[in-house]
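**Q**
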Amino acid sequence: MSIYRDPTDASLLAEDGPDLRSPSGRRFPAFGGGWDFRPGAADANAELQAGIYDTKLGELTDFDHPHNLTLVHQRDLLRSLSLSPGDRVLEIGGHRSGVLPWLERHHAVEGHGLDVSPVWVNAQNALARRRGSRIRWVLGVAEALPFADATFAGLVAFDVFEHVTDLGATLLEAARVLRPGGTLVCHLPVGDLRGSFDGWQRWRDPADFASRQASVGHFHERLPTRRQFRTRLESSGFDVLDLRSFNVWMQPLHDHRLMPWLGRLRHRKDPRDAAGTPTSTAALPGEGASRFQKLYSRAALPLAQALAGVDSLGAGLGIGGSCSFVARRSER
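Sequential numbering from 963 applies to the sequence shown in the working numbering.
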């Protein structure tokens, strides 16, 4: 039975050659190893976000060799998913994401993904074919997921909800496609930054902070606070199991300042690694951690984790530029 449905009328779709077709005759064309479910009406924000991330092709994250504190945190979140072999998992947003390959390797799940970026849908599917994986990504928007009700045991959205046009519709769709008792894990920047490193940057130079955030599709004036996002989850059919503040003081200094500097140095000094991070959309991103990342993960990251222990004090006080949530779809 098809898991794909028409986002407009909720009818199940059938394969018709390379395309998908609804009973009413509406067609969804094949695209990049998946299908194109984008709505016909233009969405200026979705087009903006796609344009930003179409140009940011780079190596996928490797959760087996995390080289920054964000990846360690996100791997802990993934471990909170209760999954059995063969369970379906949906990831929304695929920019540089190695979530589904990691879950496939460690939990034997059936991975599905949705992204608004044509470049990344094409790249993720090409990489899946190259590694012999059945993971499939489709092109679409999170406010109208092209999947049948109660399809997935888990849903992952890391640094995605801040990019969507309609957060309320997105969370309702997330609850709809999760089966009762299914788990959502997500991570996103929040609007209440006071006391964090991000808050200090915004206070020191508001225009520079806003410009750098906008360059990655973040617009803080419309981000929810921790409390607001929790309320939205609960009103969308979720029971919140865990809430953690993140991105406090040491972590953003390490991940957002030190690591980009080391990355630029590595690519300048190591031609092999530089060649492995393509700048052309015609090339595929790299997979698997580089020698540098593996060494850093083993030798330097434990020290960074020890120094970042001070962040737990701020997190306990609700301080941080971002927050993560683990929530269960209510069985009511």
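For glycine and all other residues, C-beta sits at the position ideal for the given N, C-alpha and C.
What does the Cβ neighbour count give for GLU1072, buried or exposed, with the cut at 16 atoms within 10 Å?
**A** Per the 10 Å Cβ criterion, buried.
**Q** Going by C-alpha distance, which of GLY1157, GLU977, SER1095, ASN1084 is nearest LEU1065?
**A** Among GLY1157, GLU977, SER1095, ASN1084, the Cα nearest to that of LEU1065 is on SER1095.
**Q** With DSSP as the reference, please indicate the residues paired to TYR1258 in a beta bridge.
**A** DSSP lists no partner for TYR1258.
**Q** Under a Cβ-count criterion, where at least 16 other Cβ atoms within 10 Å of its own Cβ denotes burial, should ARG1253 be classed as buried or exposed?
**A** Exposed, by the Cβ-count rule.
**Q** If I follow the unbroken alpha helix (DSSP H) through SER984, where does it start and stop?
**A** Counting along the chain, SER984 falls outside any alpha helix (DSSP H), and DSSP gives it neither H nor E.
**Q** Give the single residue among TRP1082, PHE1159, LEU1205 whose Cα lies nearest to the Cα of PHE1287.
**A** Selected option, being the one with the closest Cα: LEU1205.
**Q** Any idea which residues DSSP pairs THR1145 with across the strands?
**A** Its beta-bridge partners are GLY1116, ARG1290.
**Q** So, helix, strand or coil for PHE1181, using DSSP?
**A** If DSSP states are grouped into helix, strand and coil, PHE1181 belongs with coil.
**Q** With distances taken between CB atoms, is the gap from ALA1270 to LEU975 smaller than 8 Å?
**A** It is not a contact, given that the beta carbons lie outside the stated cut-off.
**Q** When the Cα atoms are used, what is the spatial distance from GLY979 to PHE1171?
**A** Between GLY979 and PHE1171, the C-alpha separation is close to 49 Å.
**Q** Compare the C-alpha of GLY995 against each of GLU1105, PHE1159, LEU1089 and name the closest.
**A** Of the listed residues, the one whose Cα sits closest to GLY995 is LEU1089.
**Q** Below 8 Å, how does it come out for the segment 982-1000 and the segment 1169-1184: are there three or more Cβ pairs, yes or no?
**A** No, the segment 982-1000 is not in contact with the segment 1169-1184.
**Q** Could you check what DSSP says for GLY1073 in three-state terms: helix, strand or coil?
**A** Strand, per DSSP.
**Q** State the Cα-Cα distance for the pair ALA1104 and TYR1258, rounded to the nearest angstrom.
**A** So the two alpha carbons sit approximately 35 Å from each other.
**Q** Evaluate GLY987 with the Cβ neighbour count: other Cβ atoms within 10 Å of its Cβ, from every protein chain shown; 16 or more gives buried, anything less gives exposed.
**A** When all chains shown are included, GLY987 counts as exposed.
**Q** Mind checking who LEU1052 pairs with in its DSSP beta bridge?
**A** HIS1074, LEU1117.
**Q** THR1145: buried (16+ other C-beta within 10 angstroms of its C-beta) or exposed?
**A** Answer is buried; the Cβ neighbour count reaches 16.
**Q** Helix, strand or coil, according to DSSP, for GLU1105 in the structure here?
**A** Coil at GLU1105, not helix or strand.
**Q** Rounded to the nearest angstrom, how far is the Cβ of PHE1159 from that of VAL1210, given a contact under 8 Å?
**A** That belief holds up - the Cβ atoms of PHE1159 and VAL1210 are roughly 7 Å apart, short of 8 Å.
**Q** Counting pairs of beta carbons, one from the segment 1041-1052 and one from the segment 1005-1018, are three or more of them closer than 8 Å?
**A** At 8 Å Cβ cutoff, the stretches do not touch.
**Q** If you draw a straight line from the alpha carbon of ALA1245 to that of ARG1093, how long is it in whole angstroms?
**A** ALA1245 and ARG1093: Cα-Cα distance of roughly 16 Å.
**Q** Considering only the alpha carbon of each residue, which of LEU1279, LEU1265, LYS1256, TRP1162 lies closest to ASP1024?
**A** Among LEU1279, LEU1265, LYS1256, TRP1162, the Cα nearest to that of ASP1024 is on LYS1256.
**Q** Which residue from VAL1147, ASP1038, LEU1022 puts its Cα closest to that of ARG1290?
**A** Of the listed residues, the one whose Cα sits closest to ARG1290 is VAL1147.
**Q** Would you identify the three-state DSSP class for ASP1232, choosing helix, strand or coil?
**A** Here the model assigns ASP1232 a pLDDT of 44, short of 50, so the residue's position is not dependable and the matter cannot be decided.
**Q** Starting from the C-beta of LEU1022, find all residues in its chain whose C-beta is less than 6 Å away, skip the five residues before and the five after it, and write them out in chain order.
**A** Hits under 6 Å: ARG1058, GLY1060, PRO1247, GLU1249.
**Q** Less than 7 Å between C-beta atoms, sequence neighbours within five positions excluded: which residues of the same chain meet that for THR1239?
**A** Low confidence applies to THR1239: its pLDDT is 36, below 50, so where it sits in the model is not reliable, and the reading given next is rough at best. Excluding positions up to five away in sequence, the list reads GLY1020, GLU1021, HIS1229, GLY1248.
**Q** Quick check: TRP1082 and GLY1116, are their CB atoms within less than 8 Å of each other?
**A** No. Outside cutoff.
**Q** List the endpoints of the continuous alpha helix (DSSP H) containing ASP1016.
**A** Start and end: 1006-1016.
**Q** Distance, Cα to Cα, ARG1194 vs VAL1126?
**A** About 14 Å.
**Q** Tell me the DSSP bridge mates of SER1100?
**A** Before going further, note that residue 1100 is Val rather than Ser in the sequence given. Bridge partners of VAL1100: LEU1076.
**Q** CA-CA distance, GLN1267 and ASN1087?
**A** Cα to Cα, the separation comes out at about 34 Å.
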